[in-house]
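Anchor point for the sequence shown: position 431 equals 754 in my numbering, and the numbering is continuous, going up by one each time.
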Amino acid sequence: MMTRTSFFLVLTPLILSAFTHLFNPVGFPCLHADEGKYVRRALHVLAGLGPQDPSSRFDHGQKSTSSYDHPHFGQILLAGLFRIIGYPSSVDPSPTIQSIEMLYMVPRILMGIFAVVDTFLIYKIVERRYSTKTGAFIASTLFAVMPITWLMRRIYLDSLLMPFVLSSILFAIYLKRSNDVIISDKVNYNVGNLKNSGIKNAYEKNRNIILTLISGIFLGLAIYTKVPVITMIPLVGFLIYTNSKSFKTLGIWLIPVILVPLLWPAYALSVGQFDEWLDGVLWQATERSETGVTNPLRSLILCSASNVSPDLCPTGVFKSIRSVIMMDPVLVVIGLIGIVFAAIRRDYLILLWVVPFFIFSYLIQWTLYFHFILVLPVFCIASALLIVDISNKIMKKNEVYQKLLSFVIISAIGLFGLTSTVLIITTNAFFVQIAHVALAVQNIESNDHNDDTTIITAPEYSWIFKYIFNKTHALQTRDSSGIRTDKILLMVDRSYFSVISKDPLKIEQEDPKQVESLLNIYNSTHTIASLDYSDKTPENYPYTNVKNCPSENLQIKTNY
324 MMTRTSFFLV LTPLILSAFT HLFNPVGFPC LHADEGKYVR RALHVLAGLG PQDPSSRFDH
384 GQKSTSSYDH PHFGQILLAG LFRIIGYPSS VDPSPTIQSI EMLYMVPRIL MGIFAVVDTF
444 LIYKIVERRY STKTGAFIAS TLFAVMPITW LMRRIYLDSL LMPFVLSSIL FAIYLKRSND
504 VIISDKVNYN VGNLKNSGIK NAYEKNRNII LTLISGIFLG LAIYTKVPVI TMIPLVGFLI
564 YTNSKSFKTL GIWLIPVILV PLLWPAYALS VGQFDEWLDG VLWQATERSE TGVTNPLRSL
624 ILCSASNVSP DLCPTGVFKS IRSVIMMDPV LVVIGLIGIV FAAIRRDYLI LLWVVPFFIF
684 SYLIQWTLYF HFILVLPVFC IASALLIVDI SNKIMKKNEV YQKLLSFVII SAIGLFGLTS
744 TVLIITTNAF FVQIAHVALA VQNIESNDHN DDTTIITAPE YSWIFKYIFN KTHALQTRDS
804 SGIRTDKILL MVDRSYFSVI SKDPLKIEQE DPKQVESLLN IYNSTHTIAS LDYSDKTPEN
864 YPYTNVKNCP SENLQIKTNY
């Protein structure tokens with residue numbers, strides 16, 4: 324039965340996490356292109372058009388024209404959640420700024436709820452694996468309050484899949500209890516209770532199979548969301564085997580881990596798009612890093628600049644660590660030290676979580692700062708165990724003082740982290756983007772012939788026009804499928820300037836014809852609205868998490 328102290332230890336991180344991840348969701352952080360892509364794909368599913376959105380071929384540089392870049396479960400999950408809450412009709416969409424804010428707020432709130440669930444799962448993982456409520460409290464508190472966990476606020480696939488990864492790990496850890504019960508009953512039985520012991524063992528074995536399958540299904544769904552989660556297979560597989568001492572159990576676990584993600588290529592095969600699927604997968608795995616962004620020269624020139632957005636620095640994993648350290652030096656440094664100590668004491672949960680991720684990232688050579696979401700929990704866990712170990716060694720003979728010192732340390736770090744997080748989540752980095760799209764929507768809605776207008780916009784906003792206001796001719800910036808109307812509205816922002824840029828070291832390779840078309844449209848239209856907000860946010864930490872939001876030279880141009 325949970326004591327009052329245990330209840331406090333669980334509840335406190337959850338309250339902190341709810342505040343840091345749900346407060347001001349449309350103020351901070353500013354909108355990322357991937358968020359628009361994933362919401363658009365979810366609305367495509369919600370509209371009954373299937374799990375694969377053909378326009379996804381324009382979600383990336385045009386070295387590959389495949390629409391298959393990530394598996395389907397991310398958009399299926401989001402679409403299911405949208406259906407449950409009645410989104411977007413429940414928001415009662417209109418061209419006002421308040422309505423546009425609500426359209427973005429709802430998915431962001433869902434991400435915040437996911438982060439709160441993640442906080443609870445981290446607590447349970449540490450409590451079960453290491454038998455320490457103090458360590459569990461520290462790990463979950465770090466995840467709740469440290470600045471870098473703002474990444475969980477965005478609508479990333481990495482944020483969506485995290486509860487499934489953590490649940491897979493937790494159910495694998497639960498196997499140990501079942502196996503221990505079976506072993507105990509085999510050793511401690513007599514003739515009088517042999518029958519009851521056999522029934523109990525049969526129950527525990529069935530429970531073992533259920534836990535194994537649930538763990539495998541959760542990890543399979545996570546991989547079906549984003550393929551790089553295969554780096555978690557060694558960790559969860561290790562836990563399954565060591566906790567069950569059975570290769571048969573490991574084999575049962577592997578069945579859903581393998582079969583669930585195979586739904587992705589199976590779908591492509593069923594609709595005659597297997598070649599396109601293969602092209603997309605090979606490009607993501609082996610060719611995307613060759614587009615210029617990950618070469619050492621770009622890393623040296625671009626990512627060494629202190630004022631450069633992490634979005635522009637998808638370098639090799641070790642170079643990307645620099646961006647992450649700038650965002651949260653305290654957690655990253657303590658976490659790295661904790662990982663070193665984990666290696667010394669051979670803590671395989673931490674090592675098998677981190678090492679495959681770094682190896683995979685090094686081989687792929689396409690690592691963005693938000694890819695580190697997958698290892699944020701283990702950084703918190705490693706930090707927590709380090710704090711507990713230090714406290715235990717300082718106060719060797721007094722268990723009360725050991726716990727007290729641990730709480731003093733986490734209180735100091737947590738207060739620093741919470742203060743830093745509050746400073747950034749109370750900013751309003753998003754409002755310029757919302758105002759930009761609201762002005763465009765108002766113009767289209769007030770136009771008497773709005774169905775005869777082609778809207779060219781960034782992927783952050785294209786779904787607003789296509790699925791919320793039902794504009795047939797809404798195209799995102801890279802979409803080269805052709806303009807079929809006389810009237811054109813062009814939203815000029817960071818996405819536009821990125822596509823037309825002729826920088827030889829730019830992130831993505833573009834279609835030259837589309838670049839020429841965009842330039843011609845720009846020159847043949849006139850500006851009807853412009854936004855140019857001067858960002859006065861301080862440049863020092865923790866505001867390094869806020870910089871480089873698109874707030875300058877935003878325009879709306881039309882030819883009518």
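From the three backbone atoms N, C-alpha and C, an ideal C-beta is built for every residue, glycine too.
Around the beta carbon of Asn766, 16 or more other beta carbons lie within 10 angstroms, which makes this residue buried.
Checking the DSSP bridge columns, you'll see Val815 partnered with Gln878. Put simply, the backbone Cα of Leu474 is about 24 Å away from that of Ser857. In the DSSP annotation of this structure, the continuous segment of the alpha helix (DSSP H) that includes Ala705 starts and ends at 699 to 717.
Within the DSSP secondary-structure output, Leu854 pairs in a beta bridge with Leu877. Taking C-beta atoms as the reference points, Thr867 and Ile811 fail to come closer than 9 Å.
Within the stretch 442 to 507, the complete alpha helix (DSSP H) segments at least 4 residues long are 456 to 468, listed from N- to C-terminus.
Contact between the stretch 485 to 495 and the stretch 534 to 552 is present, with at least three C-beta pairs closer than 8 Å. Contact check for Val760 against Tyr784 passes: the beta carbons are separated by less than 9 Å.
Annotated three-state conformation of Leu558 is helix, per DSSP.
Taking all protein chains in view, the Cβ of Ile787 is crowded by 16 or more other Cβ atoms within 10 Å, so the residue is classified as buried. When secondary structure is reduced to three states using DSSP, Ile779 falls in the strand class.
In the structure shown, Leu686 adopts helical secondary structure according to DSSP, grouped into three states.
Residue state for Gln756 is assigned as helix, using DSSP reduced to three classes.
Only residues of its own chain outside the window of five on either side were considered, and among them Val755, Ala758, His759, Leu877 have a CB closer than 7 Å to the CB of Leu854, listed in chain order. Contact between Arg530 and Ile496 does not hold, since their C-beta atoms are separated by about 14 Å, which reaches or exceeds 8 Å. A straight line joining the alpha-carbon of Val822 with that of Thr388 spans about 15 Å. Lys386 and Gly603 have their C-alpha atoms spaced approximately 10 Å apart.
Between Gly384 and Glu839, the C-beta gap is not smaller than 9 Å, which leaves the two residues out of contact. Taking C-beta separations shorter than 7 Å and ignoring five residues to either side along the sequence, the partners of Asp651 in its chain run Met469, Pro470, Ile471, following chain order. Gln725: member of the alpha helix (DSSP H) spanning 722 to 748, first to last residue. Per DSSP, Ala797 is not a residue of any alpha helix (DSSP H); the beta strand (DSSP E) it occupies stretches across 797 to 799. Of Ala735, Thr848, Leu433, His393, the smallest CA-CA separation from Trp600 is found for His393. For the options Asn863, Ile747, Leu674, the alpha carbon positioned closest to that of Phe561 is the one of Leu674.
Distances from the CA of Arg431 to each of Asp357, His395, Gly371, Ser567 were compared; the closest alpha carbon is that of Asp357.
By the beta-carbon neighbour count (other beta carbons within 10 angstroms, threshold 16), Ala707 is buried.
Counting only the Cα atoms, Gly359 lies some 28 Å from Phe443. The C-alpha of Asn751 is placed about 20 Å away from the C-alpha of Leu433.
Its chain contains Lys456, Phe460 as the residues whose beta carbon lies nearer than 6 Å to that of Leu332, once the 5 sequence neighbours on both sides are disregarded; these appear in chain order. The C-beta distance from Pro411 to Leu426 rounds to 6 Å, short enough to meet the 8 Å contact threshold.
Secondary structure of Lys360 (DSSP, three-state): helix. Of the other Cβ atoms in all chains shown, fewer than 16 fall within 10 Å of the Cβ of His849; this residue is therefore exposed. The beta carbon of Leu337 sits closer than 7 Å to the beta carbons of Val439, Thr442, Phe443 from its chain, once the five residues preceding and following it are set aside; these are given in chain order. In this structure, Val869 sits near Phe351, with a CB-CB distance shorter than 9 Å. Closest in alpha carbon position to Ile657, among Lys859, Trp689, Cys703, Met649, is Cys703. Per DSSP, the continuous alpha helix (DSSP H) segment holding Ile578 begins and ends at 570 to 582.
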